[in-house]
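With positions in the sequence shown counted from 1, the corresponding number in the working numbering is that position plus 362. By construction, the Cβ of each residue, glycine as well, lies at the ideal position given by its N, Cα and C atoms. This one's a predicted model, so the numbers in the text were calculated from it and none came from an experiment. Data block below; observations after.
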Amino acid sequence: MILNNYLQNYVDNTDWIGTEGVGYQKNEECMNCENITHEYSFFTITNDSGGLGASLCKKCTPMFLKYCAVRNKKIESYGEKNGLKQIQNWLRINSKFKHKQTRKIIPALKHEALVRANYKCQDCGISKNESPLEVDHIISVSQGGSDELCNLQVLCFDCNRAKHGRCWEAGN
Ligand SMILES: [Zn+2]
Ligand SMILES: [Zn+2]
């Protein structure tokens, strides 16, 4: 799964993204996967079409952060809550309870991910003939991401490097 088009468009055209941190509420719907969650991260995204309040579940939050990092969109904490740090801690604490994952993706799954992506980078669209393609974890293993196909994405060498390790530098 990747970030839905609605959120992607909003992030692409945003001039400001801020976060208050983590929220707790019964039956909140994740704006990306539409699953019901009780714990969510909260972002405000603004652009010409107005402000959007986005609640995202634990699974979709890392994807959102990665997408913002790839697009060079800085996320600011607002209020006195130190929102982004709060979200980072929330993801870290939750990942501790996941069983151990290996970092290696088995070749058959890699192949499946590549076929699904039509042998193109899922970020910039470059093909395997133009750049080496890599299969990447959307939610990293260290954050509890799995090796299942739904957690894999195909990125070209440049996009993967541009993104690598930058999620957490987006805010303060
Ligand atoms: Zn979700
Ligand atoms: Zn690319």
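- Less than 8 Å divides the Cβ of residue 406 from the Cβ of residue 413.
- Beyond the five residues adjoining it in sequence on each side, residue 388 comes within less than 8 Å, by CB distance, of 400 in the same chain, given in chain order.
- Residue 470 is positioned such that its CB atom lies no closer than 8 Å to that of residue 516.
- Beta-bridge partners assigned by DSSP to residue 514: 499.
- Out of 404, 425, 416, the CA that lies nearest to the CA of residue 506 is found in 425.
- By the CB criterion at 8 Å, residue 376 and residue 435 fall inside the cutoff.
- Beyond the five residues adjoining it in sequence on each side, residue 501 comes within less than 6 Å, by CB distance, of 424, 507, 513 in the same chain, given in chain order.
- Secondary structure at residue 427: helix, using DSSP grouped into helix, strand and coil.
- Between residue 394 and residue 365, the C-beta spacing is below 8 Å.
- Annotation: the continuous beta strand (DSSP E) that includes residue 416 extends over 412-418.
- Here the alpha carbons of residue 429 and residue 404 stand approximately 15 Å from one another.
- Counted as a single uninterrupted DSSP element, the stretch harbouring residue 484 is not any beta strand (DSSP E), since DSSP gives it neither H nor E.
- Beta-bridge annotation (DSSP): residue 406 is paired with 380, 415.
- Within the model, the alpha-carbon separation for residue 441 versus residue 466 is close to 40 Å.
- Per DSSP, residue 474 lies in no beta strand (DSSP E); the unbroken alpha helix (DSSP H) holding it starts and ends at 469-478.
- Within 7 Å of the C-beta of residue 418 there is at least one heavy atom belonging to ligand 1.
- Counting other Cβ atoms within 10 Å of its Cβ, residue 498 reaches 16 or more and is therefore classed as buried.
- With respect to the C-alpha of residue 448, the residue from 518, 386, 374, 486 having the closest C-alpha is 386.
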